[in-house]
Amino acid sequence: MDFNAIDEKWNARWQQEKAFEANPSKQKKFFLSAAFPYPNSPQHIGHGRTYTTTDIYARYLRMRGFNVLFPMGFHVTGTPILAMAKRLGQKDEEYLRIFEEIYGISRKTSATLTEPKALVSYFSREIEHGMKEMGYSIDWRRKFYSYDEHFNRFVEWQFRKLKEAGYIKQGSHPVPWCPLDNNAVGAHDTRGDVDPQIEEVTAVAFELEEEGGLMLCSTYRPETVYGVTNLWVNPNALYVQIEADGKKFWVAKEAVAPLAGQLGIKVQKTADAKELLGKNAINPLTNARLPIFAAEFVKPNAGTGIVMGVPAHAPLDYLALRDANLEGKVKLIQVLKVEGFGEFPAKEIVERMKVASQLDEKAEEATKEIYKKEAHTGVMCIGEFAGEGCASAREKIAKSLVAKKRALKIYVLANSPLFCRCGGVCIVNMVQNQWFIDYGNKGWKEKAKECLSKIKIMPRQTIADYLYTIDWLNERACTRAAGLGTRFEFDKTQMIEALSDSTIYMAFYAISHHAKELKPQELDEGFFDYVLLGKGNAPTEAAKKIREEFEYWYPFDSSHSAKDLVHNHLVFFLFNHVCVFEKRHWPRQIVTNGFVLMDGKKMSKSMGNIVPIRAAIKKYGADVIRFSVVAGADLSSDTDFNKPVAEGISSRLRAMGELLEKTIAAGEGGKYDDADKWFYSRLHRRAKMAPSMFEAFQIRELSQELLFDMFNDVQHYLKRAKQPKLREFFEYWALLVAPFMPHVSEEFWERLGAKKFVQDAKLVSVAQFPAADEKKIDEGMERREQFLLSTREDIGTLVRLLKKEGQAKKIHLFVADEWKREARSVVAAEKDFGKAMKACLAKPELKAHAAGLKKLIETCMKDVGSLKMEPLAGKQELQALQKGAEFLSKEFNAQVIVQMEEEAQVAHAQRAKNAMPGRAAVAIE
RNA sequence: GUGGGGGUGGCAGAGCCUGGUCAAAUGCGCUAGCUUGAGGGGCUAGUGACUUAGGUCUUCGAGGGUUCGAAUCCCUUCCCCCACACCA
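Numbered per this note's numbering, the first sequence finishes at 1221, counting up by one with no gaps.
Encoded structure:
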């Protein structure tokens, strides 16, 4: 089988037949989509998982008679594409190399991609080709880009709705910032693509007794202010006094730049650390007098460069005191009671770990341990919040200090120093007048939760994540100074940010192909109000038709994405839908899936283990890739892509193909015998359970059943059947696996030249999903075969045990006597040994076998569980063995004798006694 | 730290909700035999330990408990992964 040729043939056919262009009709509809891609790179097989899952579902539903709409667009909003184009324009070596080595794009081509639009068009074309090659059943007429003017009008309308609802706010906001570029930095703007992490720190102000200035100490542990005995400055650093907020603060000189974006800083004077030493500050909570000491461990570039000394709870503080022989001069103050420690945990741990000095490496280890322990188990034993846990006290004290203006909230970059690609050192900037969407709004949250309670979430375990995120979400910045996308109407200097313009875009798919026919300026408030909300009168005839189309497709039935979007996009999707749309148009289902690993490892540019999807298709064929990325794991977990898996699927498919050819060549005929009955029972059983498994997204299990298990059954059937009859099998199978492997399925179907299920439809893709023929599901037949196979296994075990491989001459088989079956059913009802025995003896026909009863009941008790299942009748077992004797005889190359007499009557009576209901006895000569 | 998800045989990965048929599906790997001109591929069997009659013993992160019975239920504990906001 030439997979590539088959792929090409059917992709062309689908396109030619417009098989997936969905228009309103009388049919019931299903509207689903998967997160639209961001075209700044070619897609890899990891992307393929979400889209394939979506497509399998779409194809399944289409075969179940739904009018399915599966559209696709491109999300180009934001800064990465801009940044990438700019870097390519600068001939950035790192980017050129990634393009060349990982994406396979020549430097010559790269040179043409220096404009954002060129980049977008290049990659979106690439992605679209890949999706078509994968056979995704997408209605491409509805494609749009998120910077299209028509879409801009839509997003503007959406934001007007948010504003009307009172959800658009303005305020200040900390942002990672490059002072050289004078712009916000994201991960793609930093050297090494490091994601900037902002951390909130409390800076406590201690008034200087002598001069009224304030010593600004940054701390992660404001609750320890009660235990401050002194302040620390680095003796080798310079300190400056700055004016901010009308006050004078001392901070390290190196701290000024990182804080410049947050405090309106005016440097008043500079001083050597020595000038501060010997002065005294006042504790804002206890009014204690705190001397200022010198310590080497203080880092002038971290926080404010001034540190509170809490020797009772901070190992470094204690060590610094000890190092300077100041231990006698201060009295340690306990703030927290800590499990497993006495009054002064820091002192204790330093002594226990034998930390030599503040410069000892072990000091850090001790600090980590104490901080963790105190945060976890510490209970305040001093001050206003005595008795409270450390964590809650920390929060309350910080809040109250800030409220009393005795402390400031400052932000630092947790992973500093962080360099912008331009070379600048990143800082945190407090952006004033930042625009937000207020996801903190209580009423809105309630509505979002209401929607969540009605929506179907797959996989189900993720509901907790949604709930948590809805609760936790607060104001979210929704604009940026730069980026592609939609300009922010209420402040034209701003662009709407990427996760805010992609929350209800599915609604736009429903109408995008019509909207394109109109001029952007026609898509005004009245237009969208009418089309999307049914408000007012139709502004034009066209609008009326568009409204009808929207009404047909909405609500949105199923949203698909990878699991990483649960915490942002998918929750915004809920919020925005409940804000903008009528309740009857709220979404119905969300499905998220795990990622794809490559040989067990995460795919990444730096590892160079990214497999571009188009290359993979070329190598294995689309259907093998489709199958590989969804079959390996449950929806919720990550799956692994590797060569053996892909090849295993490929070889089975090929084998099926060859078998199909043979079947076609051989023709068909003859009466069904047991082997045929067994095989078709298995097939129809699978056909019967397939629908519920598709609907429950049990894709891993389904693929297991439909490909691997079915294949094994075929193998066994070929061995058992005198004259295999596979035509009906292929007629079913090709359709059962069609959602997974549409190309091969179409090809098989065409080769079969059959009309069943397809009727007037020309394509499998729009055929009926085959209903199982339940009459052919033959439980008894399957169980008899199972009985035969387990007997075969027993024989095999014995032959091996007796070291008689290939040498057994005669195999005698015995079926359990009737009295055993009766006794077994007694035991099944009465699981207590004694009572079961009594019950058995009460029956005259069993009493006759009293000698064997004890052993029998014991054996039955050993696996009580299996008693629940009704065993095959003796006759059935006998029939299975008799009909299977020839098969067993071939398997073991020995004469097989099935005994019909009662156990005691036959030769090998001792062995025959071993027979149990459900298990034949074996004697080997 | 907060929230979520996990720890199963050489590996991947089911089973756990609804305890017994679980030495634990399936796939890969490995071993042996057959097949093929070799290779690739295919087929058959084996793959916890012991065992010349279908048996026994020990296993599902660790420890404890409930139960006639625990991979499955409860408690304690250790470890791993993911998300945490302006980033698509």
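In this text, a Cβ means the ideal position worked out from N, Cα and C, and glycines have one as well.
Express the C-alpha separation of residue j and residue i in angstroms, rounding to a whole number.
i: Lys741; j: Tyr762; result: 11 Å
i: Gly896; j: Ala354; result: 29 Å
i: Pro883; j: Thr959; result: 47 Å
i: Ala331; j: Ser857; result: 5 Å
i: Tyr614; j: Ala608; result: 7 Å
i: Gln312; j: Glu1024; result: 29 Å
i: Leu476; j: Gln757; result: 46 Å
i: Phe784; j: Cys774; result: 9 Å
i: Ile766; j: Leu572; result: 49 Å
i: Phe937; j: Arg345; result: 11 Å
i: Thr520; j: Val631; result: 6 Å
i: Pro580; j: Phe502; result: 6 Å
i: Gly685; j: Gln558; result: 31 Å
i: Phe1065; j: His446; result: 38 Å
i: Gly400; j: Ser442; result: 26 Å
i: Cys747; j: His865; result: 15 Å
i: Val451; j: Asp351; result: 27 Å
i: Arg982; j: Tyr356; result: 15 Å
i: Pro1020; j: Trp1045; result: 19 Å
i: Thr1093; j: Gly890; result: 42 Å
i: Lys967; j: Lys1071; result: 17 Å
i: Gly917; j: Gly426; result: 12 Å
Start and end of the beta strand (DSSP E) containing residue i?
i: Met604; result: Ile602 to Gly605
i: Ala590; result: Arg585 to Ala590
i: Ser855; result: Ser854 to Ala858
i: Trp731; result: Ile723 to Asp734
i: Tyr707; result: Ala703 to Leu709
i: Met1165; result: No beta strand (DSSP E) holds Met1165; DSSP gives it neither H nor E.
Quick one, are the C-beta atoms of residue i and residue j less than 7 Å apart?
i: Val926; j: Lys457; result: no
i: Phe316; j: Ser433; result: yes
i: Pro335; j: Ser402; result: no
i: Gly928; j: Thr935; result: yes
i: His810; j: Tyr850; result: no
i: Gln466; j: Gly509; result: no
i: Ser468; j: Gln817; result: no
i: Lys954; j: Trp306; result: Correcting the residue identity first, residue 954 is Glu in this sequence and not Lys. No. Outside cutoff.
i: Pro596; j: Asn530; result: yes
i: Thr373; j: Ala794; result: yes
i: Thr486; j: Leu655; result: no
i: Pro376; j: His484; result: yes
i: Glu569; j: Ala591; result: The sequence as given places Ala at residue 569; Glu does not occur at that position. No, the Cβ-Cβ distance between Ala569 and Ala591 is not below 7 Å.
Can you give me the Cβ contacts of residue i inside the same chain, cut-off strictly under 8 Å, excluding the 5 residues immediately before and after it?
i: Lys324; result: Gly361, Phe362 and Asn363
i: Lys643; result: Pro607, Ala608, Tyr614 and Leu628
i: Leu861; result: Ala331 and Thr888
i: Asn737; result: Gly462 and Tyr463
i: Lys439; result: Pro367, Met368, Gly369, Phe370, Glu424 and Ser808
i: Glu1198; result: Asp1113
i: Gly904; result: Glu397 and Ile398
i: Asn872; result: Gln454, Leu458, Thr799 and Ile800
Please report the residue range of the alpha helix (DSSP H) in which residue i lies.
i: Glu1043; result: Pro1038 to Leu1048
i: Lys876; result: Here residue 876 turns out to be Val, not Lys, going by the sequence shown. Where Val876 is concerned, the enclosing alpha helix (DSSP H) stretches over His865 to Val876.
i: Ala1242; result: The chain is shown only over 297 to 1221; residue 1242 falls outside these bounds and no answer can be derived.
For residue i, which residues in the same chain have their Cβ closer than 7 Å to its Cβ, ignoring the five residues on either side in sequence?
i: Gly638; result: Glu644
i: Asp489; result: Ala483
i: Glu1173; result: Phe1083, Val1111 and Ala1216
i: Met1037; result: Asp919, Arg922 and Phe923
Quick one: residues in its chain with C-beta nearer than 6 Å to the C-beta of residue i, no 5 flanking neighbours on either side, listed in chain order?
i: Arg585; result: Asn576
I'd like the ranges of any beta strand (DSSP E) spanning at least 3 consecutive residues and lying wholly in the stretch 457-503.
464-474
At which residue ranges does the stretch 963-1019 contain complete alpha helix (DSSP H) runs of 4 or more residues, listed in the order of the chain?
970-991, 995-999 and 1006-1016
Please go through the stretch 511-574 and give each complete alpha helix (DSSP H) segment of 4 or more residues, from N-terminal end onward.
549-555 and 569-572
Write down every uninterrupted run of the beta strand (DSSP E) in the stretch 311-356 whose length is 3 residues or greater and which is fully enclosed by it, in chain order.
325-330
Minimum length 3: unbroken beta strand (DSSP E) runs contained in the stretch 901-974
List check, beta strand (DSSP E) in window: 935-937.
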